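Going by full-length UniProt numbering, the residue at position 81 of the sequence shown is 81; the numbering climbs one at a time, nothing skipped. Glycine included, each C-beta is placed from N, C-alpha and C at the ideal position. None of the values given here were measured: they were computed from a predicted structure.
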Amino acid sequence: MIAPILNWNPVYGGSTVDRIRNRHWLCDPAVDTLGNSMQTMHCQGKDVFMGLWSWFWSWWRPTGSNHALPSSPPANRASGQKRQWIGSTTTPKLPRLRYRSPEMVRQWRIEGRGTQVDQLPYVYARYARTRRRKQFLNLLTDTRVDLLQQHRLPVLTTLDELSQFLGLPIGRLAGLIHLADHGRPPTEKKSHYWLKWIRKKRSGHRLIEAPKPALKKVQEIILRQILDLVPAHPAAHGFVPNCDILSNAQLHAGRAVVVKFDLKDFYPSVTFSKVVAIFRSLGYSREMALWLARLTTSALPIGMAFPDKNPYSIMQFTRRHLPQGAPTSPALANLAAYSLDVRLTGLARRFGAIYTRYADDLTFSGDHRFLKQLKRFVPLTDQVIVQCRFHSQPAKRRILRQSNRQTVTGVVVNQSPNCSRRDYDQLKAILHNCVRHGHQTQNRDQQVDFRAHLQGRVAHIRHLNPDRGVRLQKIFEKINWNS
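The following block contains the structure:
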């Protein structure tokens with residue numbers, strides 16, 4: 001009574017010998033020899049040993065689960081062939097089953113397979129046939145025409161339409177994105193960007209990537225006919241029509257407290273996948289979104305040296321990112337930060353504050369009740385920034401009370417938006433010296449067009465404070481530029 005019970009396999013319902021032969025990864029002549037030996041031992045009355053062997057094999061088996069699996073069918077039902085008898089008249093030879101590797105399964109899913117599903121040896125190993133033979137997924141058919149028409153965007157469904165839209169052949173577009181070089185230029189000379197490292201005031205370096213004429217023309221078309229038609233969040237004031245630093249600062253004038261955050265590496269933080277998601281959300285197909293994203297992002301050349309040894313800085317520039325200097329980058333950065341603006345606007349409203357963003361400068365302002373809740377508000381803001389895949393710089397965080405000078409994007413907002421007294425006095429002294437001693441003596445920074453430089457500074461102060469701007473303009477008109 002004990003031997004038959006120990007010899008019975010509760011998983012497959014058969015003996016250990018049959019189970020070993022039916023394992024597709026052990027079906028070879030060596031296993032048949034092992035099966036013959038074990039069958040002989042069984043015939044000699046060593047059923048107890050076979051029962052222990054069956055228990056040990058079921059415990060050691062590499063299937064990864066202990067629950068009962070359906071029994072394997074006989075060889076004639078699995079392969080459709082008759083049993084072949086060799087050697088002993090009691091030992092059948094089963095056909096060798098091919099191991100289904102992941103590459104084989106992936107090929108079956110793409111091209112299909114000749115073997116019918118009903119002929120597979122194991123019921124639990126069936127793979128559903130997802131598509132017909134030699135039928136591939138078309139990435140150009142998922143264009144959302146309704147979304148494109150909602151924003152009055154051009155409908156681009158094929159590469160030929162994209163080529164006509166940008167005015168360049170497909171081969172030229174492929175060269176602009178370095179398609180043959182896996183999306184990354186091999187050398188700095190072959191790059192379609194002019195690259196320049198600029199040292200920051202505190203630490204680190206900033207990379208300026210200015211596109212060359214051919215790529216810049218393509219990016220300007222994408223900007224004018226696609227990105228400019230998509231509105232940014234109302235809280236965004238940077239690089240938005242009818243918005244500037246003055247409109248960003250006016251909302252925070254006369255507040256009890258002003259809290260400022262700064263995003264670290266704003267443009268490099270917008271990765272290639274984010275840009276693809278932006279074009280996909282507008283309604284373009286995956287293939288069109290990939291092409292548009294490649295044309296508006298960049299990656300550093302392979303052999304270019306980095307001034308910083310920080311691995312994080314190297315990684316964020318070697319992968320595709322928004323280039324600081326491209327005409328399309330500000331608009332794409334505003335769209336990439338749309339979810340950040342939505343969440344921070346709701347958070348500020350919850351605390352009774354006002355939120356605005358000018359590029360990478362985040363500004364909050366509120367009354368005295370908001371000032372008392374800053375211990376809760378600041379950690380929540382940092383948490384939202386991280387969840388939106390950005391990083392803040394704690395060293396540049398500022399909490400400005402009304403008793404101190406409150407500045408927002410260079411504009412003083414204690415009472416009303418105004419320019420700082422220091423900037424006004426400094427520019428007034430430069431203009432007086434230009435009148436007395438000549439403009440050549442005051443161009444200490446070696447500006448190429450010093451006259452346009454001074455005119456821009458006067459216009460900036462006149463925009464913030466018209467009265468002071470008029471005074472400076474009168475002094476500027478007295479300068480002799482012919483000497």
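Reduced DSSP category for residue i - H, G, I as helix; E, B as strand; rest coil
i           : result
T187        : coil
G366        : strand
S403        : coil
A210        : strand
V470        : helix
I86         : Caution is warranted here: a pLDDT of 44 is assigned to I86, below 50, making its placement in the model unreliable, and the coordinate value is therefore given only provisionally. Residue state, collapsed to three classes: coil.
F261        : strand
T271        : strand
V240        : coil
N482        : coil
D361        : strand
R224        : helix
G254        : coil
I475        : helix
A249        : helix
residue 503 : One cannot answer for residue 503 here, as it falls past the ends of the chain, which runs 1 to 483.
D341        : helix
F266        : helix
A277        : helix
Boundaries (first-last residue) of the alpha helix (DSSP H) holding residue i
i    : result
A293 : R286 to T296
E161 : L159 to L166
P154 : It is not in any alpha helix (DSSP H) - P154 carries neither H nor E in the DSSP assignment.
H233 : Per DSSP, H233 belongs to no alpha helix (DSSP H) and is neither H nor E.
H463 : F450 to L464
D445 : Taken as a continuous stretch (DSSP letters only), D445 belongs to no alpha helix (DSSP H), as it is neither H nor E.
F317 : P311 to T318
A336 : S329 to A336
P379 : L374 to Q387
D146 : V145 to Q150
A174 : I170 to L176
7 angstroms Cβ cutoff met for residue i and residue j
i    : j    : result
T407 : N248 : no
L229 : T328 : no
A337 : R320 : no
N404 : V412 : no
P323 : P185 : no
R343 : V384 : yes
G469 : R462 : yes
A326 : Q415 : no
F261 : L347 : no
A253 : H368 : no
E209 : M304 : no
H391 : K264 : yes
Y358 : G238 : yes
H453 : Q446 : no
I226 : L166 : no
V458 : F364 : no
C388 : L340 : yes
N433 : Q442 : yes
R349 : I177 : no
L147 : L156 : no
F266 : D360 : yes
S285 : D160 : no
I354 : L251 : yes
Y193 : P213 : no
T297 : F279 : no
Q316 : P379 : no
A236 : N334 : yes
Beta-bridge pairing of residue i - partner residues as DSSP gives them
i    : result
Y193 : P211
D181 : Answer is none; D181 lacks a bridge partner.
I198 : R206
H321 : T271 and S298
Continuous beta strand (DSSP E) stretch holding residue i: start and end
i    : result
S354 : It is Ile, not Ser, that sits at residue 354 in the sequence shown. Where I354 is concerned, the enclosing beta strand (DSSP E) stretches over I354 to Y358.
Within-7 angstroms CB hit, residue i to chain D
i    : result
A459 : In the displayed structure, chain D is absent; only one protein chain is listed.
In chain order, each alpha helix (DSSP H) run of at least 4 residues that lies wholly inside the region 390 to 438:
421 to 437
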